[in-house]
Structures are given as C-alpha cells and as structure tokens.
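Q:
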Amino acid sequence: MLTTLLVIVIILAIAFDYINGFHDAANSIATIVSTKVLSPFQAVLWAAAFNFAAYFYFTDHKVANTVAKTVLEEYITLEVIFAGLMAAIGWNLFTWYYGVPSSSSHTLIGGFAGAGMTHAFILGDGVIGAINLNATLTIISFIVLAPLIGMVIAITITLVIINISRRAKPSVAEWWFRKLQLVSSAALSFAHGGNDAQKVMGIIFVAMVAGGYLQSGDPMPEWIPLTCYSAIALGTMSGGWKIVKTMGTKITKVNALEGVGAETAGALTLGITEHFGIPVSTTHTITGSIIGVGVVKRVSAVRWGVTISLLWAWVLTIPVSAILAGAMYTMIHYIF
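Every number in my numbering is 513 more than the matching position in the sequence shown, counting from 1.
1. So what's I644 in DSSP terms, helix, strand or just coil?
2. Pull the bridge partners of V584 from the DSSP assignment, please.
3. For A566, which three-state DSSP category applies?
4. Using the Cβ count rule (16 or more neighbours within 10 Å means buried), how would you classify Y847?
5. Would you check if the stretch 671–684 and the stretch 542–554 touch, i.e. whether three or more CB-CB distances between them fall below 8 angstroms?
6. Can you confirm whether the stretch 725–742 touches the stretch 604–621 when touching is taken to mean that 3 or more C-beta pairs between the two stretches lie within less than 8 angstroms?
7. Exposed or buried, what is Y842 when buried is set at 16 or more other beta-carbons lying within 10 Å of its beta-carbon?
8. Evaluate A556 with the Cβ neighbour count: other Cβ atoms within 10 Å of its Cβ, from every protein chain shown; 16 or more gives buried, anything less gives exposed.
9. Count the other CB atoms, across all protein chains shown, that sit within 10 Å of the CB of L510; report buried if there are 16 or more and exposed otherwise.
10. My assumption, with CB atoms under 8 angstroms, is that G779 sits in contact with S751. Please give the rounded CB distance.
11. Which residue marks the beginning of the alpha helix (DSSP H) containing I594, and which one marks its end?
12. For the pair the stretch 573–590 and the stretch 718–726, tell me if three or more CB-CB distances fall below 8 angstroms.
13. Please work out which residues of its chain come closer than 7 angstroms, Cβ to Cβ, to K582, disregarding the five sequence neighbours upstream and downstream, and give them in chain order.
14. Is it buried or exposed, G761, if we count other Cβ atoms within 10 angstroms and call 16 or more buried?
15. For a quick check, are the C-beta atoms of S794 and W604 less than 7 angstroms apart?
16. Suppose the cutoff is 6 angstroms on Cβ atoms and the five residues either side in sequence are ignored; what does the same chain contact list for G839 look like?
17. For the alpha helix (DSSP H) that contains M750, what are its first and last residues?
18. Can you tell me whether E735 is buried or exposed, with buried defined as 16 or more other CB within 10 angstroms of its CB?
19. Would T796 be called buried (16 or more neighbouring beta carbons within 10 Å of its own) or exposed?
20. Can I656 and L781 be called in contact, C-beta distance under 7 angstroms?
21. Under a three-way DSSP split, which group does I804 fall into?
22. On the criterion of 16 or more Cβ atoms from any shown chain inside 10 Å, does E771 qualify as buried, or is it exposed?
23. Let me know if D709 comes out buried or exposed under the rule of 16 or more other beta-carbons within 10 Å of its beta-carbon.
24. Could you compute how far the alpha carbon of A633 sits from the alpha carbon of F625?
25. For the pair the stretch 558–574 and the stretch 686–705, tell me if three or more CB-CB distances fall below 8 angstroms.
26. For A601 versus T749, is the C-beta distance shorter than 7 angstroms?
27. Which runs of the alpha helix (DSSP H) fall wholly inside the stretch 631–686 and span at least 4 residues, in chain order?
28. Quick one: is R691 buried, meaning 16 or more other Cβ sit within 10 Å of its Cβ, or exposed?
29. Helix, strand or coil: how does DSSP classify Y726 here?
30. Within its chain, find whatever has a CB closer than 7 angstroms to the CB of V550; leave out the 5 residues flanking it on each side and keep chain order.
31. One question on the structure: do A744 and L591 come within less than 7 angstroms of each other, judged by their Cβ atoms?
32. Within the continuous alpha helix (DSSP H) that includes L781, where are the two ends?
Right, dumping it as structure tokens:
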C-alpha cells in the first residue's frame, strides 16, 4: 500500500509533467503556427500525438537515469522530492503567466537539487556533497551549449536548403517547405517528448525508491513512462499561447523554409543529447535554433533585446528554483 505522501508526490510529478506540456507546447508549435502551416488547434494536436509517440521509441531512459542521480541517494527523501516539485510547479506557472519561455527541465532539476542540498545542510553535512557534481555541471553547461548547438545546426541546415533551392520557383519552394514543416515539427515534438517526459520519470522512480517500494537498481515499472508520456501529451494539447507569441514572432519572424531549418536543428540537438543521457532544455534548444535561422538573413533580423531578456530567465531558473525548494523544505522540516 502506497503511503499518503508518496501518492501526493506522484500526483504532483504527473501534474508537473502536464504543466511542462502546455508550458513547452510553444517550443514545438511556435514556428508552424507563425507560418500558418497549421492552425493553433491543429498544431497542438499534431505536437501532442508525436510527444506520446516517443514512448514507443525512447526505451533506454538515459535522461531519466541522469535526473534521478542529480541528488545522491542518501539525501533523497519524499519531503525533498515534494519540496522540489512544489518549487518547480510554482516557477513554471509564474513564467507561463508572464509568457516567459523558461526551462521546465531546469526548473525541475533546480528544485530537486535545492531541496536535497537544504536537507544535507540541516543534517550538518556539506551542501555541495549532496549532489552529483559531474551530472549537475554537465546540466548547467548545456544551458549555454544547447542553444549554441541548435543555432549552429540551424545556420548550417538553412544555408544548405537555400543553396539547394536557389533555382526553384518561389511558389513551388514555398509549397514544399510548408509540407516539410509538418515533418520537421513532428520530429521536434517527438524529440521533445523523448527528452522531457523522462525527467519526470526519473523523479517518480526516486520517489518510489525513497518510499521503499523499489531499489535503486530495479528496472523502471512500465506504468511510469506510460503515465509521463500521456501527461506531457495532454499538457501539450492544452497549449501555451502566451509563450507561442514570444517564440513564434518576438525573437524573429520566420517563413516556412526557416521553420524547417529551426525545427530540424532543434530535433537533431535533442536527439543527440538524449543519446548521451543529457537532460537539456527544449526551450533553450529551439530558441537557439530560431536565432540561427534569423542570423542567416541578417544579424539585425534577430530582436536581441527580447533574446537578452530570455537569457536572464534561463540564468535565474536553476538558482531561483533551488532557493524556493530550499525554503519549502525548511518550512516542511521545522513546521510540519
């Protein structure tokens, strides 16, 4: 029989996955909506279908394993996970309300790490010693690397496409790129589901371990990935229209050709990082890709003021989530 706290933690984790879906829906659909290839409603259904389809392909759970090992096992309790999830949900809803495309992934990891470090501090142990430093530094480094990789791949793909289609009739090229954008958008949604759903899978797995229902070396029960992929797909169907506007029009205006370049670059970047088990931000990745296609036109085509404001949100997400989680854990520990 599952304990009450464990049930609450699992429900919160699934709720976070759902919120992650509608918070990050913009990542998958912003360009395809802004180019009017699909209507917003069609786009979220398209993205949600491929979010869930990733369940059948990504079976190695490498990203889930990395997230589960962010905090060392001896400092993981159900209270730690609860505090981390509450902080992550709070920051996600705050940034969604103001239309800021922050990283759901880094919110979750920051909250989990912050609560674990606070738990270690209260125990009188070293704060830094509570986390897996190698995994954490890798995750932090990809705050910078993921958008840069996405940008470089997007620039390369866009230049190749431009040269291949140089002699094509504009009307014919436009028709083809609008069709190809369905494929590139599907690929991005597929990769997004495979990367982001796994992060919550890792959290639920460690909650089951902390609750005494699993051992750390046990295989992941099948209900966990099935539930997580379903939740993120349902969340994506709910959309995230405020962030769609930021991603689709405020960074730079994109046409169908550029949409194909940005989405393909984002999908490739997410696929590469998933292969190596690195939890990266889909938000950061596709933002870098959109900047890349904008730079190909001209540097001034990118609204750098908007981009800099996004960078501040990216930099603040992990520390703010960690501080919120630490405060939440402290309150739980001393009051309840």
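Don't be surprised by glycine CBs; every beta carbon is placed ideally from N, CA and C.
A: With the given structure in hand:
1. Within the sequence shown, numbered from 1, the residue matching residue 644 stands at position 131. I644: strand per DSSP, three-state reduction.
2. Taking the sequence shown and counting its residues from 1, one reaches residue 584 at position 71. V584 pairs with I644.
3. To locate residue 566, count along the sequence shown from 1; it is residue 53. Correct three-state label for A566: helix.
4. In the sequence shown, the residue the question calls residue 847 occupies position 334. Exposed: under 16 other Cβ atoms inside 10 Å.
5. no
6. In this structure the stretch 604–621 does not lie against the stretch 725–742, because fewer than three pairs of beta carbons, one per stretch, are closer than 8 angstroms.
7. For the purposes of this step, residue 842 is identified with residue 329 of the sequence shown, where counting begins at 1. The residue in question, Y842, is buried, as its Cβ has 16 or more Cβ neighbours within 10 Å.
8. Along the sequence shown, one-based indexing puts residue 556 at 43. Classification of A556: buried, given that the 10 Å Cβ count is 16 or more.
9. Residue 510 lies beyond the residue range present for the chain, which begins at 514 and ends at 849; the question has no answer from this structure.
10. Mapped onto the sequence shown, residue 779 falls at position 266. Mapped onto the sequence shown, residue 751 falls at position 238. Actually they do not touch by this definition, with Cβ atoms about 21 angstroms apart.
11. Here residue 594 refers to the residue found at position 81 of the sequence shown. L591 to Y610 is the span of the alpha helix (DSSP H), which, as asked, contains I594.
12. Contact holds: three or more Cβ-Cβ distances are below 8 angstroms.
13. Stepping through the sequence shown from its first residue, residue 582 is reached at position 69. Excluding positions up to five away in sequence, the list reads N645 and A648.
14. By one-based count along the sequence shown, residue 761 stands at place 248. Here the model assigns G761 a pLDDT of 45, short of 50, so the residue's position is not dependable, and the following value carries that caveat. When all chains shown are included, G761 counts as buried.
15. Sequence index remark: in the sequence shown, residue 794 carries index 281 (1-based). Sequence index remark: in the sequence shown, residue 604 carries index 91 (1-based). It is not a contact, given that the beta carbons lie outside the stated cut-off.
16. Sequence index remark: in the sequence shown, residue 839 carries index 326 (1-based). Excluding the 5 residues flanking it on each side, G839 has same chain C-beta neighbours closer than 6 angstroms at G627 and T631, in chain order.
17. Along the sequence shown, one-based indexing puts residue 750 at 237. M750 -> alpha helix (DSSP H) spans W736 to S751.
18. For the purposes of this step, residue 735 is taken as residue 222 along the sequence shown, with counting starting at 1. A residue is called buried once 16 or more other Cβ atoms fall within 10 Å of its Cβ, and E735, having fewer, is exposed.
19. Residue numbering aside, residue 796 sits at position 283 when the sequence shown is read from its first letter. Buried is the call here.
20. Working through the sequence shown from its first residue, we reach residue 656 at position 143. Working through the sequence shown from its first residue, we reach residue 781 at position 268. Cβ atoms of I656 and L781: not closer than 7 angstroms.
21. One-based indexing of the sequence shown puts residue 804 at position 291. DSSP places I804 in helix when its eight states are reduced to three.
22. The count along the sequence shown starts at 1 and reaches residue 771 at position 258. When all chains shown are included, E771 counts as buried.
23. Sequence index remark: in the sequence shown, residue 709 carries index 196 (1-based). So D709 ends up on the buried side.
24. Here residue 633 refers to the residue found at position 120 when the sequence shown is read from its first residue. Here residue 625 refers to the residue found at position 112 when the sequence shown is read from its first residue. The alpha-carbon atoms of A633 and F625 are separated by roughly 13 angstroms.
25. These segments touch.
26. The count along the sequence shown starts at 1 and reaches residue 601 at position 88. The count along the sequence shown starts at 1 and reaches residue 749 at position 236. No.
27. 646–677
28. Working through the sequence shown from its first residue, we reach residue 691 at position 178. It counts as buried.
29. Along the sequence shown, one-based indexing puts residue 726 at 213. In the structure shown, Y726 sits in coil (DSSP, three-state: anything other than H, G, I, E or B).
30. Position 37 of the sequence shown, counted from the first residue, corresponds to residue 550. Excluding five sequence positions before and after V550, the CB atoms of its chain that fall closer than 7 angstroms to its own CB belong to R691, Q694, L695 and A769, given in chain order.
31. On the sequence shown, residue 744 is found 231 positions in, with the first residue counted as 1. On the sequence shown, residue 591 is found 78 positions in, with the first residue counted as 1. Not closer than 7 angstroms, so no.
32. Mapped onto the sequence shown, residue 781 falls at position 268. Per DSSP, L781 belongs to the alpha helix (DSSP H) from A769 to H788.
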